[in-house]
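For what it's worth, the numbering used here labels the leading residue of the sequence shown as 1231, then goes sequentially. Here is the structure we will look at.
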Amino acid sequence: KNFLGHSIDFLKASSSNIVNGLFQDFIHNTLPLFILIYTDGSVSPISAGYSFFIPELCISFTNNLPPTASSYTAEYFTIIESLQLISTLQPNKFLIATNSLFCLQSLSSNIFISPPNPLIFLIRNLLFSRNHGF
1231 KNFLGHSIDF LKASSSNIVN GLFQDFIHNT LPLFILIYTD GSVSPISAGY
1281 SFFIPELCIS FTNNLPPTAS SYTAEYFTII ESLQLISTLQ PNKFLIATNS
1331 LFCLQSLSSN IFISPPNPLI FLIRNLLFSR NHGF
């Protein structure tokens, strides 16, 4: 079985090590040519920040935001920074792994129905530029 072959109940009851291992196996078996980028944004009452990690390239990045930033802003910024970094690297296949369903939904939404956050425009521009050779 792979990551998707397990029930939600099984995954919820499993330790993070087991779920992470299943996820890694799934990614390496289904997308073996992609370099993974893990992203995360975080907000607390007194601080906000974001980071990303590219294990295969031994690259990590962390930055702070104003404490008034939202968690969505932190998630957007980590995707923006990771896209800006990979634009400086040799062409390759990258896969951004984010836990922000909101960001993914914002990226796939119709901008004519609900105007997106300006950071979504920046992400879309970076993706377009990446796909059309910086």
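Cβ atoms here follow ideal geometry from the backbone N, Cα and C, with glycine treated the same way.
Report yes if the CB atom of LEU1266 is closer than 8 Å to the CB atom of ALA1327, and no otherwise.
-> yes
Secondary structure at ILE1284, three-state DSSP: helix, strand or coil?
-> strand
Name the DSSP beta bridge partners of ALA1278, please?
-> VAL1273, LEU1295
SER1344 versus LEU1325 - alpha carbon distance | 26 Å
So, LEU1261 versus LEU1313, is the Cβ gap smaller than 8 Å?
-> no
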